[in-house]
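First the structure, in the form of structure tokens, and then the observations on it.
Residue numbers (our numbering), protein chains in the order written: chain A, 1 to 328; chain B, 1001 to 1349.
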């Protein structure tokens, strides 16, 4: 247990080092990197991904995955735009968009828990389904005439600072999720489920209910990210946030969460969010397009799992050599 | 206490004996079910729009799914071993763009050289996937989600340094002819896809290696214990998937003639839909090439029907998603139902 703890601590220490290195590289690469406005741009650009990473962390620790988050974001964004365009008040449009996310998450959760189907396939299916529905609802159109009071949520920052509102939302949510995962009884149950589902069930944890709630939470948060995304771009399009699942899964795994469940911490994920945000930002400052940026993110995703695996193998080889040398 | 543990042991043995029989039954039920669905669509469409029933239209349907079938054959191999390859769309995109650009730059080059280049490139990308999954011990879903975007990024890097788009007028007509040639009145594209499906399907069914793939998917640990070289075979299926994507990319460039960096984006969803609808178990160990081909045919027929009924193509992706979900849910129910009937029959006996 102690060794496990020290391993976790060292992964997070590694992330802090990586974060410092990326800040250093960023400040060398561009004179604009350390400006207040760039801090605003860097954070507001990533906050949708960041808040979706919070429930994803819990889901992956519980031994499942939700690949449909980007599509749920797109669908709720489209619903929001459509309701506003057809003359409904903004608060109602936002409320319905959040409900759509909740419903999407509920469908994911019911299929995974009630029918005992693998979340991987189910959420690939709903990834296509929800994105498809977004296209069905809005076709190739876009809604963009949102009121400034709403777009301020995406554009604006806390009065007198360069801190975007979305960063504040993320910070509050991160604290809540941190408490749930690391302090509450729920958090212990999530770790237990991820380590051994059967044992968790036999020790009286309602695995199905916890998982259902996690998937609903993921849908709700994805919809909230959809509202923020729509406000920030001032545009509701069916292809909003295509491929965001890559970024969300990448920050969670880079944050040290085990893809097979049972291990990881929210602190690591928060550190990883800022590392990925800086990588994206620096590439953007260097005029590298989003499509090529995703090459870097894809590699980062693979490296974040491959790196520790290779390191462990090398450790094993070295240990074996020592054993052989010692016995001869 | 001892009796119960013996009972459990006996029950487990029964379960394992019936497992292969169960899978075979499931395959038969699934393939028959797909045929019924297909007939229903054809019947419905025949009444709604008689021109749906023309030979021309059937050829159109088969033509539209030929490339999908080639990719789905490779995906089936991967899924059988309890893995998944999400990067297929990007691999097809890379090879389509690079091959088309190659022919644009060297219009007089031997056709075979370009085809080999495309296939070799696909194979190389597949080998990278295989190395990461089999020897790097990265779960397939993570590895290929990463390469899905990494390979797509490669096309954009390549396009940024060469040209944004290759047009039909830029490439030699001999390359475009790959997709339009007819042999005995049947488009070559359909024949190529059929040949690949038959060869791989037979190989999977009859060769020891083919059976070993099923064994790996049914129980990876047991497969290792009885001496199946699991890592090597899983690696090989990813390489094969890459190779087939390479060939599909070459044909993609020939068929669509105008190629840019976004080509074949999202193809992975169609491929996985075809494979899963075709009854290939996503947990590995069960499913056939015939099933995957039938799955592709059903999806292609649906798409064609939407076209003829003038329903917006925007419905397509939603239908793919719904098809994946329905297929997986049906599989779960059929498996449970068959398990129960086999068990109750055994009790009577």
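The C-beta atom is built at its ideal place from N, Cα and C for all residues, glycine as well. This one's a predicted model, so the numbers in the text were calculated from it and none came from an experiment.
In chain A, which residues lie less than 8 angstroms from residue i when you measure between Cβ atoms?
i	result
residue 1147 of chain B	298, 302
residue 1282 of chain B	118, 120, 121
residue 1132 of chain B	302, 306
Buried or exposed for residue i, please, with buried defined as at least 16 other CB atoms from any protein chain shown within 10 angstroms of its CB.
i	result
residue 293 of chain A	buried
residue 1300 of chain B	buried
residue 1001 of chain B	Summary for residue 1001 of chain B: the model assigns pLDDT 41, below 50, so the residue's position carries little reliability, and this model does not support an answer.
residue 323 of chain A	exposed
residue 1021 of chain B	exposed
residue 202 of chain A	exposed
residue 1278 of chain B	buried
residue 175 of chain A	exposed
residue 1348 of chain B	exposed
residue 1282 of chain B	buried
residue 1017 of chain B	With a pLDDT of 49 at residue 1017 of chain B, under the threshold of 50, the modelled position of this residue cannot be trusted, and the question is left open.
residue 1310 of chain B	exposed
residue 1225 of chain B	exposed
residue 1083 of chain B	buried
Give me the Cβ distance between residue i and residue j, rounded to the nearest whole Å; I'm assuming they're in contact under 8 angstroms.
i	j	result
residue 1087 of chain B	residue 1151 of chain B	6 angstroms
residue 1027 of chain B	residue 1246 of chain B	That belief does not hold up - the Cβ atoms of residue 1027 of chain B and residue 1246 of chain B are roughly 29 angstroms apart, past 8 angstroms.
residue 356 of chain A	residue 71 of chain A	Residue 356 of chain A lies beyond the residue range present for chain A, which begins at 1 and ends at 328; the question has no answer from this structure.
residue 1259 of chain B	residue 1037 of chain B	Going by Cβ atoms, the distance from residue 1259 of chain B to residue 1037 of chain B rounds to 34 angstroms, so no, they are not a contact pair.
residue 260 of chain A	residue 63 of chain A	7 angstroms
residue 1248 of chain B	residue 1071 of chain B	5 angstroms
Determine the contact status of residue i and residue j, defining contact as a CB-CB distance below 7 angstroms.
i	j	result
residue 74 of chain A	residue 134 of chain A	yes
residue 95 of chain A	residue 83 of chain A	no
residue 47 of chain A	residue 167 of chain A	yes
residue 256 of chain A	residue 262 of chain A	no
residue 276 of chain A	residue 26 of chain A	no
residue 1350 of chain B	residue 1250 of chain B	What the structure shows of chain B is the stretch from 1001 to 1349, and residue 1350 of chain B is not part of that stretch, so it cannot be assessed.
residue 254 of chain A	residue 272 of chain A	yes
residue 1239 of chain B	residue 1074 of chain B	no
residue 208 of chain A	residue 123 of chain A	no
residue 50 of chain A	residue 244 of chain A	no
residue 258 of chain A	residue 1136 of chain B	no
residue 1089 of chain B	residue 1265 of chain B	yes
residue 1334 of chain B	residue 1079 of chain B	no
Look at the alpha carbon of residue i and the alpha carbon of residue j, and state the distance between them as a whole number of angstroms.
i	j	result
residue 251 of chain A	residue 1232 of chain B	30 angstroms
residue 1141 of chain B	residue 21 of chain A	29 angstroms
residue 15 of chain A	residue 162 of chain A	25 angstroms
residue 150 of chain A	residue 1114 of chain B	54 angstroms
residue 1219 of chain B	residue 1055 of chain B	44 angstroms
residue 153 of chain A	residue 232 of chain A	7 angstroms
residue 300 of chain A	residue 1057 of chain B	46 angstroms
residue 200 of chain A	residue 267 of chain A	25 angstroms
residue 1228 of chain B	residue 1215 of chain B	9 angstroms
residue 19 of chain A	residue 13 of chain A	10 angstroms
residue 191 of chain A	residue 212 of chain A	15 angstroms
residue 1182 of chain B	residue 1052 of chain B	22 angstroms
residue 225 of chain A	residue 1049 of chain B	44 angstroms
residue 325 of chain A	residue 1209 of chain B	40 angstroms
residue 1095 of chain B	residue 1193 of chain B	17 angstroms
residue 1257 of chain B	residue 1106 of chain B	16 angstroms
residue 1319 of chain B	residue 120 of chain A	18 angstroms
Using the beta-carbon of each residue, which ones in chain B are nearer than 9 angstroms to residue i?
i	result
residue 95 of chain A	Here the premise fails: no neighbours, minimum Cβ distance about 24 angstroms.
residue 237 of chain A	Simply none; closest approach about 13 angstroms.
residue 207 of chain A	Those do not exist, as residue 207 of chain A stays about 18 angstroms from chain B at its closest Cβ, beyond 9 angstroms.
residue 111 of chain A	1325, 1328, 1329
residue 115 of chain A	1328, 1329, 1332, 1333
Against residue i, what residues of chain A qualify as contacts under a CB-to-CB distance less than 9 angstroms, listed in chain order?
i	result
residue 1139 of chain B	259, 260, 305
residue 1256 of chain B	The contacting residues do not exist; residue 1256 of chain B stays about 20 angstroms from chain A at best.
residue 1124 of chain B	Per Cβ cutoff of 9 angstroms: no residues; residue 1124 of chain B is ~16 angstroms from chain A at best.
residue 1153 of chain B	291, 292, 293, 294, 295, 296, 297, 298, 299
residue 1272 of chain B	121, 124, 125, 128
Going along chain B in order, which residues have a C-beta closer than 7 angstroms to the C-beta of residue i?
i	result
residue 136 of chain A	1314, 1315, 1318
residue 131 of chain A	1317
residue 246 of chain A	1145, 1149
Within 7 angstroms of any Cβ in chain E, is that where the Cβ of residue i sits?
i	result
residue 1322 of chain B	The chain inventory of the structure shown lacks chain E, comprising the protein chains A and B.
Identify the contact partners of residue i in chain B, using a Cβ-Cβ distance below 8 angstroms as the criterion.
i	result
residue 126 of chain A	1321, 1325
residue 249 of chain A	1142, 1145
residue 139 of chain A	1312, 1314
residue 310 of chain A	1136
residue 243 of chain A	1149
residue 58 of chain A	None at all; the shortest Cβ gap to chain B is about 18 angstroms.
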